[in-house]
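Each residue of the sequence shown is one higher than the one before, starting from 503 at the first, in the working numbering. For reference, the structure is listed below as C-alpha cells.
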Amino acid sequence: MTDVTDGVLHTLFQSDQGGHEQVVLCQDRASGLKAVIAIHSTALGPALGGTRFYPYATEEEAVADALNLARGMSYKNAMAGLDHGGGKAVIIGDPETIKTEQLLLAYGRFVASLGGRYVTACDVGTYVADMDVVARECRWTTGRSPENGGAGDSSVLTAFGVYQGMRASAQHLWGDPTLRGRKIGIAGVGKVGHHLVEHLRDEGAEVVITDVREDAVRRILDRHPEGVTAVADTEALIRVEGLDIYAPCALGGALNDDTVPVLTARVVCGAANNQLAHPGVEKDLADHGILYAPDYVVNAGGVIQVADELHGFDFERCKAKAAKIYDTTLAIFARAKTDGIPPAAAADRIAEQRMAEAAAARGW
C-alpha cells in the first residue's frame, strides 16, 4: 500500500477532516466507469451532493477529493437549513472523451444501490442532460431537465445567493447593503459568474472580470459595453486598485499564502467551492483586514434548488429560501464577532451544532 493511500485512509478514519459514514468504490468495466461515492453525514437526512466528472491524476486523488467535497456538503446543507446530510461523488476520467450513455446508466445503478442514502446532482463535468440519463436508473437524482420533472440549471439561484452574500457583506462592513458604485472583481464568468454579473450591473456596480476562456469574457463584454472591464488573469484581478469585493467563481484554492497578501479587496465573496487552500487561511484573511463570506454559505442557492426538486420544484419558493442567505451571512458575521473568531470558523460552529443536535435527537 502506498503512502498516498495511507494518507487517504488516515483522512477517512483518524483526522478531523474525516468522520465519513460510508465510501463506495464503483467500477463497471464494460462502460469504463470508475467512481467514488462518499457519504459524510446523514444526521440531517439523506446525503445530497453533486457528481464531479474529472480526469484525476490518480485514484487516490479522486478518493481524497470525494471525501473533502462530501464533508463540505454536510456543512453547506446544514447552513442552508436543508434536511439533508452531505455527500459527493466523483467519476474518474475526462468527460470529453469517456462520457457515454452506458457509463452514466451504470453510474445511476450504483447510486440506486444505496437505496436513497445519497441523492445526486450536477457538478463540474456533469450537466442537466447527464442527470436525465442517470435518472433512468436512479430515482434519487436531481438537477434534471424540466421536461423530465426537474428544475434545470441551478446556476441561476447559485448566483443569486452569492449576490445576497455580497449584500450582507456590504451591510456588515460599510453599513449599507447596496452595491451601487462598488468595484467588484469576478474570477470566472461561466455557469454562475455570468449570472452574477447581471445582478451586479442591474444594481449599478462596476465589474472587472477574467476567465481562462476568451469566449466567456467576450460574451460579457459584448453584453455590457459599459460598466464591465476585463483583465488578463486572476493574478491581475486580485491586484486591481480600488477593488471592494473579490468573487472567486472558478475552481477552489483561490485563497492561499500567495494571493491573500496581495489582495486589494476588502471582501471576498464568491461561488467557488473550497476557496481556502488550507487551514489557517481564514485567519490570514482576518489579519489582513479582509472580510470573508464563507463559500459554502453564499453558494448554497444551487443545492437549495436541487433539494426542492425532490418535493416538486417551485422557483419562487426556492428563490425565497435563497434570499435568506443574506440573513444567514449576517448571522455568521455576528457570531464571529461575538466569539472572536474568523467567519469561516463561526460558520463551521453553527453547522456542527445543527448536525450534533440532529444526531442527538436520533439517539446517535
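For glycine and all other residues, C-beta sits at the position ideal for the given N, C-alpha and C.
Give me, in chain order, the residues of the same chain whose beta-carbon lies closer than 7 Å to that of Ala860; leave out the 5 immediate sequence neighbours on both sides. By one-based count along the sequence shown, residue 860 stands at place 358. Once the five neighbours on either side are set aside, the close Cβ partners of Ala860 are Ala545, Leu546.
Endpoints, beta strand (DSSP E) assigned at Tyr748: Position 246 of the sequence shown, counting from 1, holds the residue named residue 748. Taken as a continuous stretch (DSSP letters only), the beta strand (DSSP E) holding Tyr748 covers 747-750.
How big is the Cα-Cα spacing for Ala862 and Tyr748? For the purposes of this step, residue 862 is taken as the residue at position 360 of the sequence shown. For the purposes of this step, residue 748 is taken as the residue at position 246 of the sequence shown. Between Ala862 and Tyr748, the C-alpha separation is close to 39 Å.
DSSP state of Ser657 mapped onto helix, strand, coil: Against the sequence shown, residue 657 aligns to sequence position 155. The answer is helix: DSSP assigns Ser657 an H, G or I state.
To which residues of the same chain is Asp746 closer than 7 Å at the C-beta, ignoring the five residues directly before and after it? Translated into the one-based positions of the sequence shown, residue 746 becomes position 244. Correct list, in chain order: Arg684, Lys685, Ile686, Ala767, Arg768, Val769.
CA-CA distance, Leu698 and Val565? In the sequence shown, residue 698 corresponds to position 196, counting from 1. In the sequence shown, residue 565 corresponds to position 63, counting from 1. So the alpha carbons of these two residues sit roughly 32 Å apart.
For the alpha helix (DSSP H) containing Lys826, name the first residue and the last one. Along the sequence shown, read from residue 1 onward, the residue named residue 826 stands at position 324. Lys826 -> no alpha helix (DSSP H), and no H or E assigned at all.
By DSSP's criteria, Tyr620 is part of a beta bridge. Which residues make up the other side? Here residue 620 is taken as the residue at index 118 of the sequence shown, counted from 1. According to DSSP, which records beta bridges pairwise, Tyr620 is partnered with Ala549.
Run through the segment 556-603 for me and flag every whole beta strand (DSSP E) of 3 or more residues, listed as ranges in chain order. 587-594
Which first and last residues belong to the beta strand (DSSP E) in which Lys536 is found? Along the sequence shown, one-based indexing puts residue 536 at 34. It spans 535-543 - the beta strand (DSSP E) in which Lys536 sits, taken as one unbroken run.
For Cys771, which three-state DSSP category applies? For the purposes of this step, residue 771 is taken as the residue at position 269 of the sequence shown. DSSP places Cys771 in coil when its eight states are reduced to three.
Pairwise C-alpha distance: Leu812 and Asp518: Here residue 518 corresponds to residue number 16 of the sequence shown, with the count starting at 1. Here residue 812 corresponds to residue number 310 of the sequence shown, with the count starting at 1. Roughly 32 Å between the two C-alpha positions.
Quick check on this structure: which residue in Tyr609, His542, Asp816 has the alpha carbon closest to the alpha carbon of Leu514? The residue given as residue 514 occupies position 12 in the sequence shown. It is His542.
Kindly give me the distance between the Cβ atoms of Gly791 and Asn776, rounded to whole angstroms, as I take these residues to be in contact under 8 Å. Taking the first residue of the sequence shown as 1, we reach residue 791 at position 289. Taking the first residue of the sequence shown as 1, we reach residue 776 at position 274. Not really, about 23 Å apart at Cβ, beyond 8 Å.
Same chain, Cβ closer than 8 Å to Gln855, five either side skipped, listed in chain order: Residue mapping note: residue 855 aligns to position 353 of the sequence shown, counting from 1. Excluding positions up to five away in sequence, the list is empty.
Candidates Val709, Leu793, Ile827, Gly690: closest to Glu716 by CA position: In the sequence shown, the residue the question calls residue 716 occupies position 214. Ranking the options by Cα distance to Glu716, first place goes to Gly690.
What does a CB cutoff of less than 6 Å around Met503 pick up in its chain, not counting 5 residues either side in sequence? Against the sequence shown, residue 503 aligns to sequence position 1. With a pLDDT of only 38 at Met503, under the threshold of 50, the placement of this residue in the model should not be trusted; the figure read from the coordinates follows. Excluding residues up to 5 positions away in sequence, nothing lies with its Cβ nearer than 6 Å to the Cβ of Met503 in the same chain.
Between Arg741 and Val764, how many whole angstroms is the CB-CB distance? I'm expecting something under 8 Å. Locating residue 741 in the sequence shown gives position 239, where the first residue counts as 1. Locating residue 764 in the sequence shown gives position 262, where the first residue counts as 1. Yes, they are in contact, since the Cβ atoms of Arg741 and Val764 sit about 6 Å apart, within 8 Å.
Local conformation of Cys528 per DSSP, three classes: Walking along the sequence shown from the start, residue 528 turns up at place 26. Reduced to three states, the DSSP call for Cys528 is strand.
Mind the definition here: the segment 634-641 touches the segment 603-622 only if three or more C-beta pairs lie below 8 Å; say whether that holds. yes
For Ile740, the first and last residue of its enclosing alpha helix (DSSP H): Position 238 of the sequence shown, counted from the first residue, corresponds to residue 740. Unbroken run through Ile740: none, as it is neither H nor E.
Would you be able to state if there are at least three C-beta pairs under 8 Å between the segment 825-836 and the segment 590-598? Touching, no, given that fewer than three Cβ pairs across the two stretches are closer than 8 Å.
What number of angstroms, rounded off, separates the C-alpha of Gly645 from the C-alpha of Asp655? On the sequence shown, residue 645 is found 143 positions in, with the first residue counted as 1. On the sequence shown, residue 655 is found 153 positions in, with the first residue counted as 1. Between Gly645 and Asp655, the C-alpha separation is close to 7 Å.
Would you mind giving the Cβ-Cβ distance between Val799 and Thr830, rounded to the nearest angstrom? I have them listed as a contact below 8 Å. Here residue 799 refers to the residue found at position 297 when the sequence shown is read from its first residue. Here residue 830 refers to the residue found at position 328 when the sequence shown is read from its first residue. The Cβ separation is near 6 Å, so the contact holds.
Glu705, DSSP secondary structure in three states: Taking the first residue of the sequence shown as position 1, residue 705 is located at position 203. Note: Glu705 maps to helix in three-state DSSP.
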